[in-house]
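Residue numbers (the working numbering): 45 to 919.
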């Protein structure tokens with residue numbers, strides 16, 4: 045073992061002597077063994093630091109490149125819609141790569157790009173992305189403009205929460221429907237009166253004929269008796285033959301009288317049955333009204349301020365015992381009406397708000413009372429036995445006379461049955477005279493105020509004239525969109541126009557009933573017309589309620605969830621304030637100042653002047669497509685309706701607004717002092733109510749589409765003493781009426797208004813083409829209440845409310861995307877083909893790079909291997 049160690053030691057010493065040059069060499073080896081690993085570690089740390097530095101620099105380079113790429117936004121979409129999307133003029137990837145290559149120079153040779161790619165994402169074609177951008181764009185601008193316009197969201201929401209319109213209209217439909225049953229029962233009673241009148245006339249004729257024939261028979265028998273007493277036999281056979289012939293004629297007259305008496309008796313029974321049915325109807329009304337009145341006492345005590353008077357309370361005829369009561373607040377209240385229990389529900393003492401039911405009821409009651417008085421006087425108790433005895437006597441006499449021979453009878457037999465003269469005691473012979481008086485009373489029962497009826501008819505004719513004026517669309521806005529250019533297929537609901545088409549028919553039905561009450565009276569004609577009118581009225585009002593229930597789909601949801609209501613206002617307010625409409629396309633602008641006239645010019649619009657479309661044109665309006673590339677100015681109307689035709693969109697929006705106004709005007713109309721003053725017209729006041737109800741919102745819309753404003757919640761109707769001066773002022777220069785029609789409009793129901801009218805202190809003068817959304821003069825509104833009601837708003841603001849109530853979110857985004865698509869496509873058509881699904885709002889980048897080798901060490905330790913980094917950036 046020692047020899048082995050000795051040998052190894054010698055070998056090491058020999059190596060050191062040959063290879064290592066003394067102490068310095070040994071030190072070098074020592075350093076190489078000790079320092080080299082430290083140096084290698086240092087190099088690795090430096091390389092890792094370089095990796096971290098390069099990665100941070102790459103973040104900055106990619107971020108800078110993405111920012112620069114997003115800087116290539118579509119200037120038209122931004123300026124016009126206040127939305128941001130990347131311009132489609134250049135490829136996103138190419139733009140990004142250009143910026144990346146330029147920015148990579150800042151890194152020197154520290155890294156090399158292996159691949160870089162960018163793509164757009166989250167386009168405006170996505171509903172959620174579009175809504176998010178609109179929320180951001182609207183949060184300050186829309187709310188600021190709303191406050192400037194006096195658009196108090198909290199108070200409007202509270203008013204909408206108490207809105208009675210649909211409930212009132214629904215109650216009106218219920219009342220009209222129930223009143224139809226009473227009208228038909230009353231009509232049957234009147235028909236029985238008419239039948240009784242005819243039978244009474246026949247009875248009188250038969251009585252007179254019987255008397256004449258009996259007198260002839262009696263004279264013939266006296267002749268026979270005289271010849272017999274003289275003892276002369278020559279003339280006896282001839283006299284007896286004449287008496288026999290007279291007996292046969294009397295037999296016929298007796299049979300006819302018996303038949304006529306039976307017919308009159310049957311008619312009296314039928315009349316009494318019909319009277320009992322009407323009496324039962326009226327009794328049901330009184331009982332239901334009394335019950336409702338008792339039930340309402342507690343509610344009236346608890347909250348006197350919210351107590352109203354009912355439109356009408358009439359239970360279903362044979363269809364139930366319940367009642368529908370629609371109420372409006374007391375005259376002094378400034379709150380919008382509510383629906384609840386009526387404090388004073390006794391129909392006979394009702395006011396103007398109950399015209400649909402009360403006036404019909406009172407008329408039915410008056411006719412029943414007159415008929416009942418007649419029956420009590422002319423159809424005596426025990427008539428059944430009396431008539432039966434009289435018919436028996438008449439029939440026995442007719443039988444005896446049929447086989448009568450003068451040779452076998454003497455004159456003395458004519459003083460007793462069966463040949464004695466029969467006196468009618470059951471019915472008076474001249475009962476027809478009393479029936480005629482009854483019919484005369486019934487004919488005049490509707491109303492004795494023929495002048496008032498004439499006024500109602502004149503106003504109805506004027507309403508027809510007004511509602512047939514050409515007003516539904518602006519002639520200059522006449523685009524018919526090419527559907528191939530739309531991002532989404534448009535869906536147009538025709539139910540609005542179809543419902544509107546019934547207005548003219550309803551108005552004509554009302555006038556027809558008034559006509560039946562004017563001139564030579566005919567109660568049967570009047571009741572028949574009333575029944576027909578009430579049937580149509582019930583259907584019409586029910587149709588309105590159905591339309592509102594189907595179209596005001598968001599109302600209940602927003603009333604419950606205020607946050608959603610706020611978001612909806614931002615969303616729909618954006619469309620209302622940033623899209624042109626028929627009142628703003630000439631001089632209006634977006635909230636960021638983009639002129640709507642530029643949109644009109646871009647669409648190739650030309651000023652054709654005037655307005656078109658009348659009620660008679662509704663049937664021909666449809667969702668007509670065409671070849672136009674974009675809308676010229678009816679974009680708000682398109683958002684409301686979805687119609688490709690601007691004419692149709694405007695007409696549809698007009699009647700959407702009409703329906704809204706109809707709902708919010710109910711309170712003011714039913715409380716019109718003129719309607720209340722027309723109580724002397726009886727059932728004809730129903731006609732005035734319908735005319736007022738149809739005409740008031742129409743007048744509102746005419747003023748709105750001509751650049752005016754309307755209070756959202758009316759407390760005073762135009763068709764009232766205080767409202768008529770405002771109407772005349774607001775309509776100045778708008779209506780194309782004759783002097784006579786203007787006189788009718790200005791002097792409407794002057795007699796009922798006491799020969800004059802009060803002058804409003806806040807009559808506004810409106811001008812066409814408002815310059816700014818902030819008010820017709822650009823100054824904004826500071827007061828939310830005036831003499832007419834609450835919240836004066838223009839056409840644009842009404843459009844915002846309509847969208848909030850009527851337009852579902854999905855339809856809203858589809859239509860907004862269509863508008864952006866159409867406008868931007870037309871604007872950029874010379875440069876590129878705009879596609880909203882490529883209008884990206886963010887960019888995604890994917891980059892692969894590697895570090896260049898700094899030290900030529902092992903590639904597993906430093907440099908030479910790739911890195912991958914992704915980054916997203918959005919507006």
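The C-beta atom is built at its ideal place from N, Cα and C for all residues, glycine as well.
Measuring alpha carbon to alpha carbon, tell me which of the options ends up nearest residue i.
| i | options | result |
| --- | --- | --- |
| residue 682 | 768, 863, 543 and 627 | 863 |
| residue 710 | 668, 631, 684 and 758 | 758 |
| residue 411 | 669, 704, 650 and 237 | 237 |
| residue 703 | 591, 639, 419 and 772 | 591 |
| residue 159 | 915, 894, 880 and 851 | 894 |
| residue 638 | 842, 125 and 876 | 125 |
| residue 876 | 112, 113, 660 and 135 | 135 |
| residue 517 | 287, 708, 696 and 860 | 696 |
| residue 240 | 186, 304 and 86 | 304 |
| residue 458 | 441, 473 and 447 | 441 |
| residue 860 | 512, 450 and 679 | 679 |
| residue 738 | 279, 327, 594 and 553 | 553 |
| residue 776 | 764, 760 and 751 | 751 |
| residue 161 | 290, 483 and 890 | 890 |
| residue 299 | 319, 434, 189 and 96 | 434 |
| residue 596 | 693, 545 and 706 | 706 |
| residue 258 | 292, 282, 273 and 277 | 292 |
| residue 142 | 486, 121, 111 and 122 | 111 |
| residue 519 | 506, 911, 745 and 655 | 655 |
Inspect the beta-carbon positions of residue i and residue j and report whether they are closer than 8 Å.
| i | j | result |
| --- | --- | --- |
| residue 635 | residue 622 | yes |
| residue 248 | residue 575 | no |
| residue 625 | residue 524 | no |
| residue 541 | residue 665 | yes |
| residue 755 | residue 836 | yes |
| residue 407 | residue 502 | no |
| residue 504 | residue 731 | yes |
| residue 148 | residue 915 | no |
| residue 847 | residue 839 | no |
| residue 539 | residue 686 | no |
| residue 98 | residue 152 | no |
Use the C-beta contact count for residue i: other C-beta atoms within 10 angstroms, 16 or more gives buried, fewer gives exposed.
| i | result |
| --- | --- |
| residue 144 | buried |
| residue 104 | exposed |
| residue 858 | buried |
| residue 191 | exposed |
| residue 699 | buried |
| residue 53 | exposed |
| residue 660 | exposed |
| residue 565 | buried |
| residue 747 | buried |
| residue 46 | exposed |
| residue 528 | exposed |
| residue 118 | buried |
Once you ignore the five residues that flank residue i on each side, which residues in its own chain have a CB closer than 8 Å to its CB?
| i | result |
| --- | --- |
| residue 870 | 646, 647, 673 and 674 |
| residue 641 | 629, 630 and 631 |
| residue 463 | 441, 444, 445, 448, 453 and 457 |
With a CB to CB cut of under 6 Å and the five nearest residues on each side skipped, what residues in its chain are close to residue i?
| i | result |
| --- | --- |
| residue 643 | 624 |
| residue 579 | 224 |
| residue 865 | 531 and 880 |
Under 8 Å by Cβ, that's how I've got residue i and residue j pegged, so tell me the actual separation to the nearest angstrom.
| i | j | result |
| --- | --- | --- |
| residue 418 | residue 478 | 6 Å |
| residue 404 | residue 727 | 5 Å |
| residue 918 | residue 166 | 7 Å |
| residue 619 | residue 129 | Incorrect: roughly 18 Å between the Cβ atoms, too far for contact. |
| residue 254 | residue 297 | 5 Å |
| residue 690 | residue 522 | 6 Å |
| residue 451 | residue 284 | 5 Å |
So, for residue i: in the same chain, excluding its five sequence neighbours on each side, which residues have a beta-carbon less than 7 Å away from its beta-carbon?
| i | result |
| --- | --- |
| residue 217 | 582, 585, 586 and 589 |
| residue 56 | none |
| residue 800 | Residue confidence for residue 800 is low, a pLDDT of 47 falling below 50, so the modelled location carries little weight and cannot support an answer. |
| residue 571 | 227, 230, 231 and 234 |
| residue 139 | 113 and 116 |
| residue 439 | 302 |
Can residue i be considered in contact with the ligand ATP, in the sense that its beta carbon sits closer than 7 Å to one or more heavy atoms?
| i | result |
| --- | --- |
| residue 497 | For the structure depicted, the ligand ATP is absent and the ligand set is empty, with no information on it obtainable. |
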